[in-house]
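S.K.: What follows is a single structure, and I will ask about it in a moment.
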Amino acid sequence: METRDLSSLQSAPGAAEEQSLNQAAPQAQAEESNATEPVAVNPEEQAEDEMVEAIESEEAVEETAAETATKESLMAAARAMLEKAPADVQRDQISRLRLQYSALRKIETEAERTAWAEAGNDPAAFAPAVDAEEAAFNEVINQVREKKNAWAAEQEAKRQENLAAKNDIINQINELAADTDNVNRTFPLYRDLQDRFNALGDVPPTEETGVWKRFQEAREHYSDNLKINKELRDYDFKKNLDAKILLIEQAVALDAEEDVITAFRRLQDLHDKWRQVGPVAKELREEIWQKFKDASAAVDKKYQAFFEERKAREAQNEAAKTALCEQIEALDFSALGSFNAWEQMTEQIIALQIEWRKLGFASRKANNALFARFRQRCDEFFAAKAAYFKTVKEEYATNLAKKTALAERAEALKDSTDWRKATDEFVEMQKEWKTIGAVPKKHSDAVWKRFLGACDYFFDHKKQATSGQRTAELANLEAKRQIVADLEAIAADTAAEGAQDRMRELQEKWQATGHVPFKEKDKVNDAYRAAVNTLRRAFNLTESRARMDRFADNLAQLDGDNAKLARERERLARALESRRIEIRTYENNLGFLSSKSKSGETMVNEFRRKIDHLKDDIAQIEEKLRMIDSKMA
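In terms of this note's numbering, the sequence shown has 124 at position 136, counting the first letter as 1, and numbering is strictly consecutive.
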């Protein structure tokens, strides 16, 4: 009798176990719709996005870095990714890196577009500047993708090779099963074929279930249909049972693992090992598989709950981040016009940024978009703030230059002894100083002290030098006030004999009287002109009445002679137009005269007197025309 190698004896699971095993592949979402029948998760049949979610907790640091990424850090990350093995690089990592760079580039482009428009250029003609860094970044990313694609193609080729090899092994096992007369001789080869099958790598996902099912059927065919020595079968079943009991114990222990992701990964490893272990006795297959499936379901349930909780948390974070975006977008900083207003708005922006950093991640789809939206508004604010501060700084510098120039002018003029001219210039400089805006605080006191010191120096010296002149001006003021009083006394009785001669004497006395204090000048001059005008109107009224009486007598003699009346009316109309032209001429000349000098003031007063006299003449002429018109009616 031929000696048998009992230590290497294996068999295949039965049809019931195979059917249950094939049911272990549905994704974690199936548990929610079929909670009464827990199933294990087969990672090789999960969608790629499920696998990405399973490792997102490890990428949290990378996500955090992305929110504060710079083009330099992204380039460094891309180069580091290029150095990694292709198997360690996830496609979503490449895409995420590219999206982050695109977001930064978009922010730069928008800033360039805004600067282009603010410079007065046509927004439609804007073209972003060529970014050499972006070209270099894209080159590195393309190399990473090419490397990944080459590796993926190589892996696909290997899977195809593995599929062909596994199909060949299945065919060989089926051939061994058909040779019922050489069980003892072919069993070691059968074991070797199983080991070779298990040692082979992955096959295309679409073929995984089919090839595994055919392998199980071939093993069951070999184990169940051939007349293998019962002693060998029992030994193999017992060994497989012990291995599967150990896997069940390990699966049960995973329920106590705090890290859900780690527990899920280890469970997938246990499923891989379960599939490699051969079958057990038929009467135990359903029972032992149910225990393993129940233990798997407990881990799967926690795994599903973990992702549901995380999804709910991400939804809350997305809502909170959206609210922060809306809140920061509602802030209007277009009309801020002071440092305090900008600083208060800055505090609000920073408070919102702090609140943002307290929030966790939103979903992968929304998180980057929300961050780009929030960051864009922050960038818009700080760009506007920088522009405002730059403008104010330039304005302050201009104001400082103007005030410094005034201070220098005042210092150059402070020793002048041309008191009137210098005083006028100092007064003008003081008025101009008041119209100039603020200057930087560090220069404000110094430039003001320079200007004020020069002004005080001049006016102190002027006061000392003109103290005698001040006494004379006060005396002149009293004399002019007396002249005004005398004129007002004449106005009380204009019919008195010599009233007009007395008025002319007082006018000559006024012209002969010297300057008065500057502050009293306008007041006493206004009083004088008012008194003179009152007297002139009174004298003119008396004369006008006499002239109108004589004109009325002359008209009475022409009563009925319309030809003479018409000639007289034409003469008066020409006189009326002539006086109106004279008034316009005087009024135009007044626009070119200044009353700052004594001679200029005298001429202005004379022009105004003549204009008043002409207006009185016009009124009389118009009255005469109305009288003629009544005679000719």
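Think of the CB as a built atom: it goes at the ideal place given N, C-alpha and C, for glycine as much as any other residue.
1) To the nearest angstrom, how far is it from the Cα of Arg623 to the Cα of Arg352?
2) Taking Phe114 and Ala66 to be in contact with their CB atoms under 8 Å, please state how far apart those CB atoms are, rounded to whole angstroms.
3) Using 8 Å as the threshold, is the segment 153 to 163 in touch with the segment 203 to 210, meaning 3 or more CB pairs across them?
4) How about Val268 and Asn228: are their beta carbons less than 8 Å apart?
5) Are Ala563 and Ile599 touching if we call contact CB-CB under 8 Å?
6) Which class does Asn159 belong to by DSSP, given the choice of helix, strand or coil?
7) I need the DSSP call for Asn576, collapsed to helix, strand or coil.
8) For Ala398, does the count of other Cβ atoms within 10 angstroms reach 16, so buried, or fall short, so exposed?
9) Suppose you measure from the CA of Met333 to the CA of Ala68; what does that come to, to the nearest Å?
10) Quick one: residues in its chain with C-beta nearer than 7 Å to the C-beta of Lys146, no 5 flanking neighbours on either side, listed in chain order?
11) Go ahead and label Glu36 buried or exposed: buried means 16 or more other beta carbons lie within 10 angstroms of its beta carbon, across all protein chains shown.
12) With the cut-off set at 8 Å, would you say Leu319 and Glu343 are in Cβ contact?
13) Using only the alpha-carbon positions, how far apart do Lys497 and Thr392 sit?
14) Looking at the unbroken alpha helix (DSSP H) that takes in Leu388, where does it start and where does it end?
15) Go through its chain and collect everything with a Cβ distance to Glu306's Cβ below 8 Å, but skip five positions before and after it.
16) So Met417 and Leu394 are supposed to be a Cβ contact under 8 Å. How far apart are they, rounded?
17) Report yes if the C-beta distance between Asn464 and Gly502 is below 8 Å; otherwise report no.
18) Can you give me the C-alpha to C-alpha distance between Ile316 and Thr194, rounded to a whole angstrom?
19) Which same chain residues end up closer than 7 Å to Ile157 when comparing Cβ atoms and leaving out the 5 residues on each side of it in sequence?
20) Run through DSSP, which three-state label would Phe321 get?
21) Just to confirm, is the Cβ distance from Glu476 to Val504 under 8 Å?
22) Can you check the segment 452 to 501 for any alpha helix (DSSP H) of at least 4 residues that lies completely inside it and give the ranges in chain order?
23) Excluding five sequence neighbours on each side, which residues of the same chain lie with their C-beta closer than 8 Å to the C-beta of Ile631?
24) So, helix, strand or coil for Glu246, using DSSP?
25) Looking at Lys450 and Trp407, is the spacing between their C-beta atoms short of 8 Å?
26) Grab the span of the alpha helix (DSSP H) containing Asn328 for me, first residue to last.
27) Assign Glu71 to one of two classes, buried (16 or more other C-beta atoms within 10 Å of its C-beta) or exposed (fewer than that).
28) Evaluate Val287 with the Cβ neighbour count: other Cβ atoms within 10 Å of its Cβ, from every protein chain shown; 16 or more gives buried, anything less gives exposed.
29) Assuming Leu602 and Val592 form a contact by the criterion Cβ under 8 Å, report the distance between their Cβ atoms to the nearest whole angstrom.
30) Is DSSP giving Ile606 helix, strand or coil here?
31) To the nearest angstrom, how far is the alpha carbon of Arg517 from that of Asp510?
32) Give me the Cα-Cα distance between Ile249 and Arg86, rounded to the nearest whole angstrom.
33) Would the beta-carbon of Ala239 fall within 8 Å of that of Ala283?
34) Nearest by alpha-carbon distance to Leu255: which of Phe362, Gln143, Glu100 and Ala285 is it?
35) Can you look up Leu660 in the DSSP assignment and give me helix, strand or coil?
36) Cβ of Ala371 within 8 Å of Cβ of Ala99?
M.R.: The relevant details are as follows:
1) One cannot answer for residue 623 here, as it falls past the ends of the chain, which runs -11 to 621.
2) Along the sequence shown, read from residue 1 onward, the residue named residue 114 stands at position 126. Along the sequence shown, read from residue 1 onward, the residue named residue 66 stands at position 78. Actually they do not touch by this definition, with Cβ atoms about 28 Å apart.
3) When Cβ pairs closer than 8 Å are counted between the two stretches, the segment 153 to 163 is seen to touch the segment 203 to 210, the count reaching three or more.
4) Translated into the one-based positions of the sequence shown, residue 268 becomes position 280. Translated into the one-based positions of the sequence shown, residue 228 becomes position 240. Less than 8 Å divides the Cβ of Val268 from the Cβ of Asn228.
5) Here the question's residue 563 lines up with position 575 in the sequence shown. Here the question's residue 599 lines up with position 611 in the sequence shown. No, the Cβ-Cβ distance between Ala563 and Ile599 is not below 8 Å.
6) The sequence position of residue 159 within the sequence shown is 171, counting from 1. Three-state result, Asn159: helix.
7) In the sequence shown, residue 576 corresponds to position 588, counting from 1. Asn576: helix per DSSP, three-state reduction.
8) Against the sequence shown, residue 398 aligns to sequence position 410. So Ala398 ends up on the buried side.
9) Here the question's residue 333 lines up with position 345 in the sequence shown. Here the question's residue 68 lines up with position 80 in the sequence shown. For Met333 and Ala68, the distance between alpha carbons rounds to 40 Å.
10) Within the sequence shown, numbered from 1, the residue matching residue 146 stands at position 158. If we look at Lys146 and ignore the five residues flanking it on each side, its Cβ neighbours are Gly189.
11) On the sequence shown, residue 36 is found 48 positions in, with the first residue counted as 1. Residue placement at Glu36 cannot be trusted, given a pLDDT of 40 that sits under 50; what the coordinates show is reported in the next sentence. The residue is exposed, with fewer than 16 neighbouring Cβ atoms inside 10 Å.
12) Taking the sequence shown and counting its residues from 1, one reaches residue 319 at position 331. Taking the sequence shown and counting its residues from 1, one reaches residue 343 at position 355. A distance of 8 Å or more separates the beta carbons of Leu319 and Glu343.
13) For the purposes of this step, residue 497 is taken as the residue at position 509 of the sequence shown. For the purposes of this step, residue 392 is taken as the residue at position 404 of the sequence shown. Taking the straight line joining both Cα atoms gives about 47 Å.
14) Numbered from 1 along the sequence shown, position 400 holds the residue referred to as residue 388. That run of the alpha helix (DSSP H) goes Arg352 to Leu401.
15) The residue you call residue 306 lines up with position 318 of the sequence shown. Once the five neighbours on either side are set aside, the close Cβ partners of Glu306 are Ala350, Ser351, Ala354, Asn355 and Leu358.
16) By one-based count along the sequence shown, residue 417 stands at place 429. By one-based count along the sequence shown, residue 394 stands at place 406. With a contact defined as Cβ atoms closer than 8 Å, Met417 and Leu394 qualify at about 5 Å.
17) The residue labelled residue 464 in the question sits at position 476 within the sequence shown. The residue labelled residue 502 in the question sits at position 514 within the sequence shown. It is a contact, given that the beta carbons lie within the stated cut-off.
18) One-based indexing of the sequence shown puts residue 316 at position 328. One-based indexing of the sequence shown puts residue 194 at position 206. Answer to the nearest angstrom: the Cα atoms are 49 Å apart.
19) Residue mapping note: residue 157 aligns to position 169 of the sequence shown, counting from 1. Cβ neighbours of Ile157 beyond the five flanking positions: Leu181, Arg184 and Phe185.
20) The sequence position of residue 321 within the sequence shown is 333, counting from 1. Phe321 sits in coil when the DSSP states are folded into three classes, being neither helix nor strand.
21) Within the sequence shown, the letter at position 488 stands for residue 476. Within the sequence shown, the letter at position 516 stands for residue 504. No; because the gap between Cβ atoms is not below 8 Å, this pair is not in contact.
22) Counting only runs of 4 or more, we get 455 to 479 and 487 to 500.
23) In the structure displayed, the chain extends from -11 to 621; residue 631 sits before or after that span and is not available.
24) For the purposes of this step, residue 246 is identified with residue 258 of the sequence shown, where counting begins at 1. Note: Glu246 maps to coil in three-state DSSP.
25) Residue 407 sits at position 419 when you count from the first residue of the sequence shown. Residue 450 sits at position 462 when you count from the first residue of the sequence shown. Yes, the pair counts as a contact, with Cβ atoms nearer than the cut-off.
26) As a first step, residue 328 must be located in the sequence shown, where it is residue number 340. In the DSSP assignment, Asn328 falls within the alpha helix (DSSP H) that extends over Phe327 to Lys346.
27) For the purposes of this step, residue 71 is taken as the residue at position 83 of the sequence shown. An exposed status is given to Glu71, since fewer than 16 other beta-carbon atoms sit within 10 Å of its beta-carbon.
28) For the purposes of this step, residue 287 is taken as the residue at position 299 of the sequence shown. Taking all protein chains shown into account, Val287 has 16 or more neighbouring C-beta atoms within 10 Å of its C-beta and is therefore buried.
29) Numbered from its first residue, the sequence shown carries residue 602 at position 614. Numbered from its first residue, the sequence shown carries residue 592 at position 604. So it is not a contact: roughly 16 Å between Cβ atoms.
30) The residue labelled residue 606 in the question sits at position 618 within the sequence shown. Helix, per DSSP.
31) Residue mapping note: residue 517 aligns to position 529 of the sequence shown, counting from 1. Residue mapping note: residue 510 aligns to position 522 of the sequence shown, counting from 1. If I take the Cα positions, the gap works out to 11 Å.
32) Reading the sequence shown from its first residue, position 261 is the one you call residue 249. Reading the sequence shown from its first residue, position 98 is the one you call residue 86. Straight across, the Cα-Cα distance linking Ile249 with Arg86 is about 27 Å.
33) Within the sequence shown, the letter at position 251 stands for residue 239. Within the sequence shown, the letter at position 295 stands for residue 283. In this structure, Ala283 lies closer than 8 Å to Ala239 by Cβ.
34) Start at 1 with the first residue of the sequence shown, and residue 255 comes out as number 267. Looking at the Cα atoms, Ala285 is the closest of the given residues.
35) Lying outside -11 to 621, the shown extent of the chain, residue 660 is not represented and no answer is given.
36) Residue 371 sits at position 383 when you count from the first residue of the sequence shown. Residue 99 sits at position 111 when you count from the first residue of the sequence shown. Remark: C-beta atoms of Ala371 and Ala99 approach each other more closely than 8 Å.
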